[in-house]
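Undergrad: Below are the structure tokens for one structure; questions will follow.
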Amino acid sequence: MFIASNTPRRRGLTVGALCLVAMLCLGAAAVAQPLNIAPQAVATHSGGGATTYAPSNYNDGVIAAQGSLPWGWTTGSSSSGTSAWINFMWSTPMTMGEVKLFYAGISNRYLAGANIMYWTGTAWALAGSFSTTTYTEWERTITFAPVTTTQLRITNFLMAPVGQTSNPNFREIEIRNSCTGQNSTVSFIAPSGINLPANIPISYTVGHPTKSFNATLTFRFFTPPGALMHTATTTVAVNANTVTGVFTVPSTILAPGFYRLETTFNTMDFCDKLSDIVQSQVIMILEPGQEPCLVWPGDANNDNIVNFGDRKALNQYIQDANLRPTWLTGPARYRVDATTNPLTYFKWEAQVSVPWNTLMGCYMDTDGNGLVDNFDYLAIKLNWMRTHGSSLKPGSGFTAGTFDLEQNSPNPFRPATQLRYAAPEAASVRLVVTDVFGRLVATLVDGIVSEGVHTATFSAAGLPSGTYFAVVTMTGTQSGLAFTRTVKMSVNK
Ligand SMILES: [Ca+2]
Ligand SMILES: [Ca+2]
Numbered sequence: 049m050f051i052a053s054n055t056p057r058r059r060g061l062t063v064g065a066l067c068l069v070a071m072l073c074l075g076a077a078a079v080a081q082p083l084n085i086a087p088q089a090v091a092t093h094s095g096g097g098a099t100t101y102a103p104s105n106y107n108d109g110v111i112a113a114q115g116s117l118p119w120g121w122t123t124g125s126s127s128s129g130t131s132a133w134i135n136f137m138w139s140t141p142m143t144m145g146e147v148k149l150f151y152a153g154i155s156n157r158y159l160a161g162a163n164i165m166y167w168t169g170t171a172w173a174l175a176g177s178f179s180t181t182t183y184t185e186w187e188r189t190i191t192f193a194p195v196t197t198t199q200l201r202i203t204n205f206l207m208a209p210v211g212q213t214s215n216p217n218f219r220e221i222e223i224r225n226s227c228t229g230q231n232s233t234v235s236f237i238a239p240s241g242i243n244l245p246a247n248i249p250i251s252y253t254v255g256h257p258t259k260s261f262n263a264t265l266t267f268r269f270f271t272p273p274g275a276l277m278h279t280a281t282t283t284v285a286v287n288a289n290t291v292t293g294v295f296t297v298p299s300t301i302l303a304p305g306f307y308r309l310e311t312t313f314n315t316m317d318f319c320d321k322l323s324d325i326v327q328s329q330v331i332m333i334l335e336p337g338q339e340p341c342l343v344w345p346g347d348a349n350n351d352n353i354v355n356f357g358d359r360k361a362l363n364q365y366i367q368d369a370n371l372r373p374t375w376l377t378g379p380a381r382y383r384v385d386a387t388t389n390p391l392t393y394f395k396w397e398a399q400v401s402v403p404w405n406t407l408m409g410c411y412m413d414t415d416g417n418g419l420v421d422n423f424d425y426l427a428i429k430l431n432w433m434r435t436h437g438s439s440l441k442p443g444s445g446f447t448a449g450t451f452d453l454e455q456n457s458p459n460p461f462r463p464a465t466q467l468r469y470a471a472p473e474a475a476s477v478r479l480v481v482t483d484v485f486g487r488l489v490a491t492l493v494d495g496i497v498s499e500g501v502h503t504a505t506f507s508a509a510g511l512p513s514g515t516y517f518a519v520v521t522m523t524g525t526q527s528g529l530a531f532t533r534t535v536k537m538s539v540n541k
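Spelled out as structure tokens, the structure:
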């Protein structure tokens, strides 16, 4: 069998390749040849034995359509330099701009590089080259500035591991013209935020100025860590410059969270062949009525500053969540540069996150990976003592019907100020004041309070001027719901 079992199949097998497998080649001549392929070329090589291959030995009669060399073909005694080569020759000068190699490694030997040379009429000149350390790749397209010539030569083989001298094992070689066609135009857009249980309408545009064909659009939803959660496919008849449509995916198949919607357009490219164009967009899916939280990595208790208070809050949260696993896992955050910037989730800026089961969960997951654990101390360390101005929403109002802590009044103050807090049910309340380092300054409330609005007074007598934080922690005695809020207070002389 020509095709080894470990050789990956590629898309879009041409007539030539099918013939090659099944030897059903009689009809091939009647089929229009693919465009941009050197016709009537012959291949020779530098190895021992025969130096000229009749194209029909390997293929459907047009070697340049599917230039194929036998399995196990050898470069001969040299693994690099110019003494090993494969030539493609034709009689009428043609413009070439692309060589595609399909090769395979066996017995741990791989093609790690090669040069493409062209014949100027008097000498060989370099057209293009490649090298790789990804030895398991199976195909490589080398594009180069188009050259008009009658010969192309593949040479300067680099084999891996170093020292190997044979068996590049080309399954096929394709040589193409300079591909003067035109690419399809493609684009898509989906809403950046979706509230369940709505559907996700994906608007797309596909078009080609000169060709008609069927495009295949594949939509894939990935979680931030890269797990594929859903795939959908549609076919679009491209018969105009611009074809538009809407493909709808039910969002109920996805849990709330961030997703990267990757759309692959299999369309006609400038070489007049079908190839993939991949675009992506981020979509956030929320439960009805949910709003995203803005996370400052390291500010685990969301009080505007990263200090001891965050280490303590994280400790407490993990301890409280010991018997509540749903508190420790939630939707992972999404940063578009996550694959190229390993520190992106620690960057000191407001990062959008999908809410967790608990109010504080998304802040506690300081590194955004969807898990609250000891690794989240790292963001605290990296952003130690940093402050921001966005969490304290002054004027956002005080809600008596839910757990809440109001901005102190007056503020700034000297000597005393008042803090209102609300509990919608009897609750265990702890209201403390800390300095900017998170050190305890005063305990204002520590015990069970009844349902309703309460007021606590904080006296700064004897304390230096500066910034202080009032931190309230409330847990409903019936619901078990936990709430934490911090307000920043200024003590002035
Ligand atoms: Ca903090
Ligand atoms: Ca985490």
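Quick note: the sequence shown uses this note's numbering, first residue 49, plus one each step.
A virtual CB, placed ideally from N, CA and C, is assigned to each residue, including glycine.
All values derive from a computational prediction rather than experimental measurement.
Using the beta-carbon count (16 or more within 10 Å), is R201 buried or exposed?
TA: Buried: at least 16 other Cβ atoms inside 10 Å.
Undergrad: Looking only at its own chain, which residues have a Cβ that is under 7 Å from the Cβ of F178, when we skip the five neighbours before and after it?
TA: Correct list, in chain order: G161, A162, R188 and I190.
Undergrad: Counting only the same chain and skipping the five closest in sequence on each side, list residues whose C-beta sits under 7 Å from that of M316.
TA: S232, H256, K259, F261 and L322.
Undergrad: Here's a check: name, in chain order, each residue in its chain whose Cβ is nearer than 7 Å to the Cβ of L430, leaving out the five neighbours to either side.
TA: Answer for L430: G346 and F394, listed in chain order.
Undergrad: So within the segment 239–284, which uninterrupted beta strand (DSSP E) runs reach at least 3 residues, ignoring any that extend past its ends?
TA: If we require 3 residues or more, the beta strand (DSSP E) runs fully inside the segment 239–284 come out as 241–243, 247–255 and 261–270.
Undergrad: Could you check whether V493 and L479 sit closer than 7 Å to each other, using their CB atoms as the reference points?
TA: Taking 7 Å as the Cβ cut-off, L479 and V493 qualify as a contacting pair.
Undergrad: Measuring from each Cβ to the nearest heavy atom of ligand 2, keep the ones under 5 Å and list them in chain order.
TA: Output, sorted by chain position: D413, D415, N417, L419 and D424.
Undergrad: For R487, count neighbouring Cβ atoms within 10 angstroms of its own Cβ and tell me buried if that reaches 16, exposed if not.
TA: With fewer than 16 other Cβ atoms within 10 Å, it is exposed.
Undergrad: Quick one: what's got a C-beta closer than 6 Å to V297's C-beta in the same chain, skipping five residues either side?
TA: So the list reads I248 and A280, once near-sequence residues are dropped.
Undergrad: So does G357 have its beta carbon nearer than 6 Å to some heavy atom of ligand 1?
TA: Yes, the beta carbon of G357 sits closer than 6 Å to at least one heavy atom of ligand 1.
Undergrad: Would the segment 403–420 and the segment 524–535 be scored as touching if the rule is three or more Cβ pairs under 8 Å?
TA: Yes: the two stretches touch, three or more of their Cβ pairs being nearer than 8 Å.
Undergrad: Considering N204, what are the terminal residues of the beta strand (DSSP E) in which it resides?
TA: E187 to A208 is the span of the beta strand (DSSP E), which, as asked, contains N204.
Undergrad: Starting from A504 and walking both ways along the beta strand (DSSP E), at which residues does that stretch end?
TA: Its beta strand (DSSP E) spans residues G500 to S507.
Undergrad: On the CB-based measure, 16 or more other CB atoms within 10 Å of its CB, does I242 come out buried or exposed?
TA: Classification for I242: buried.
Undergrad: Quick check on T374: does DSSP put it in helix, strand or coil?
TA: It is helical.
Undergrad: One question on the structure: do F270 and Y382 come within less than 7 Å of each other, judged by their Cβ atoms?
TA: No, the Cβ-Cβ distance between F270 and Y382 is not below 7 Å.
Undergrad: Considering only C-alpha positions, which residue in the set V284, M207 and G145 is nearest to T166?
TA: Note that residue 166 corresponds to Tyr in the displayed sequence, not to Thr. Checking every option, the nearest Cα to that of Y166 belongs to G145.
Undergrad: Restricting to Cα atoms, I'd like to know which of N135, V484, F485 and I496 is closest to A470.
TA: With distances taken between Cα atoms, A470 lies closest to I496.
Undergrad: So, for Y158: in the same chain, excluding its five sequence neighbours on each side, which residues have a beta-carbon less than 6 Å away from its beta-carbon?
TA: So the list reads Y183 and A208, once near-sequence residues are dropped.
Undergrad: Take the Cβ of N370 as the centre, count every other Cβ of all protein chains shown within 10 Å, and call the residue buried at 16 or more, exposed below.
TA: Exposed, since its Cβ has fewer than 16 Cβ neighbours within 10 Å.
Undergrad: Take N405 and list the residues in its own chain whose beta-carbon comes closer than 7 Å to its own, dropping the five residues that flank it on each side.
TA: Here the set comprises T374, W375 and G378.
Undergrad: Applying the 10 Å Cβ sphere with the 16-neighbour rule, what's the burial state of N355?
TA: Buried, since its Cβ has 16 or more Cβ neighbours within 10 Å.
Undergrad: Where does R381 fall in DSSP's three states?
TA: It is coil, neither helix nor strand.
Undergrad: For ligand 1, any of its heavy atoms closer than 6 Å to the Cβ of D320?
TA: Because no heavy atom of ligand 1 lies under 6 Å away, the Cβ of D320 does not count as near it: no.
Undergrad: Using the beta-carbon count (16 or more within 10 Å), is T505 buried or exposed?
TA: Under this definition T505 is an exposed residue.
Undergrad: Applying the criterion that 16 or more other CB atoms from any shown protein chain within 10 Å of the CB defines a buried residue, is A275 buried or exposed?
TA: By the neighbour-count rule (16 or more Cβ atoms within 10 Å), A275 is not buried but exposed.
Undergrad: Below 6 Å, is the gap between the Cβ of N349 and the nearest heavy atom of ligand 1?
TA: At least one heavy atom of ligand 1 is nearer than 6 Å to the Cβ of N349, so yes.
Undergrad: Run through DSSP, which three-state label would D452 get?
TA: Residue state, collapsed to three classes: strand.
Undergrad: Please classify R359: does DSSP put it in a helix, a strand, or coil?
TA: Correct three-state label for R359: helix.
Undergrad: Label L206 either buried or exposed according to how many other C-beta atoms from any shown protein chain fall within 10 Å of its C-beta, with 16 as the threshold for buried.
TA: When all chains shown are included, L206 counts as buried.
Undergrad: May I ask whether a heavy atom of ligand 1 can be found less than 6 Å away from the beta carbon of I250?
TA: No - ligand 1 has no heavy atom lying nearer than 6 Å to the Cβ of I250.
Undergrad: Along the alpha helix (DSSP H) that carries G409, what are the first and last residues, could you check?
TA: G409 to M412 is the span of the alpha helix (DSSP H), which, as asked, contains G409.
Undergrad: Measuring straight from C-alpha to C-alpha, what distance separates W186 and F150?
TA: Approximately 6 Å between the Cα atoms of the pair.
Undergrad: Look at the alpha carbon of G528 and the alpha carbon of I331, and state the distance between them as a whole number of angstroms.
TA: Those two C-alpha atoms are separated by around 32 Å.
Undergrad: Identify whether T406 lies in helix, strand or coil by the three-state DSSP scheme.
TA: T406: coil per DSSP, three-state reduction.
Undergrad: Which of the three DSSP states is assigned to M522 in this structure?
TA: The answer is strand: DSSP assigns M522 an E or B state.
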